[in-house]
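*Asks:* Here you go, one structure.
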Amino acid sequence: MPHPLGGRAGVWGGAPGKVRCAHCCAGTDPALKIKDQQTGEVATDRETGASLYTVTVMLMEDGRAEVLKITVPETGLAAGLKPGVMVRPVELFATPWARIFNGQLSDGVAYRAARLELVMVEAAQ
Numbered sequence: 091m092p093h094p095l096g097g098r099a100g101v102w103g104g105a106p107g108k109v110r111c112a113h114c115c116a117g118t119d120p121a122l123k124i125k126d127q128q129t130g131e132v133a134t135d136r137e138t139g140a141s142l143y144t145v146t147v148m149l150m151e152d153g154r155a156e157v158l159k160i161t162v163p164e165t166g167l168a169a170g171l172k173p174g175v176m177v178r179p180v181e182l183f184a185t186p187w188a189r190i191f192n193g194q195l196s197d198g199v200a201y202r203a204a205r206l207e208l209v210m211v212e213a214a215q
């Protein structure tokens, strides 16, 4: 299955690991990321200790649209972030992952951004 961004995971329009976005629209409110479902432990950034959130974002370019679930630290969530607003992921990284659970291989791409900036869109004249 081809990578949703075209090409190899983690390499798209820039340095390896970094991903650029043409047009992105928030699809959900930020949701607190839970590290351990049994204990309710919240996932935190290893360096800063900030709580991590996930935001579903629609990436649109060249007549295509893809849905990305992006992890962002609480400090990187812009005021006013809500479904339907245009956003710009800053320092967006794509990291491929794979694991075997109950004998079945699961794989995918994890997305992480330092922050989500709001993008002001000018009204059509």
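Just add 90 to the spot in the sequence shown (first one is 1) and you have the working numbering. Each residue gets a CB set at the ideal place from its N, CA and C atoms; glycine is no exception.
1) Mind checking whether residue 201 and residue 149 have CB atoms under 7 Å apart?
2) I think residue 177 touches residue 147, with their Cβ atoms under 8 Å apart; what is that distance to the nearest whole Å?
3) Kindly indicate the opening and closing residues of the beta strand (DSSP E) around residue 197.
4) How about residue 175 and residue 206: do their beta carbons lie closer than 7 Å?
5) To the nearest angstrom, how far is it from the Cα of residue 169 to the Cα of residue 160?
6) Taking just the CA atoms, how far does residue 199 sit from residue 96?
*Replies:* For this structure:
1) Looking up residue 201 in the sequence shown gives position 111. Looking up residue 149 in the sequence shown gives position 59. No, the Cβ-Cβ distance between residue 201 and residue 149 is not below 7 Å.
2) Position 87 of the sequence shown holds residue 177. Position 57 of the sequence shown holds residue 147. Yes, they are in contact, since the Cβ atoms of residue 177 and residue 147 sit about 6 Å apart, within 8 Å.
3) Mapped onto the sequence shown, residue 197 falls at position 107. In the DSSP assignment, residue 197 falls within the unbroken beta strand (DSSP E) covering 194-202.
4) The count along the sequence shown starts at 1 and reaches residue 175 at position 85. The count along the sequence shown starts at 1 and reaches residue 206 at position 116. No, the Cβ-Cβ distance between residue 175 and residue 206 is not below 7 Å.
5) Taking the first residue of the sequence shown as 1, we reach residue 169 at position 79. Taking the first residue of the sequence shown as 1, we reach residue 160 at position 70. For residue 169 and residue 160, the distance between alpha carbons rounds to 17 Å.
6) Position 6 of the sequence shown, counting from 1, holds the residue named residue 96. Position 109 of the sequence shown, counting from 1, holds the residue named residue 199. Because the pLDDT at residue 96 is just 40, under 50, the model does not fix this residue reliably, and the point stays unresolved.
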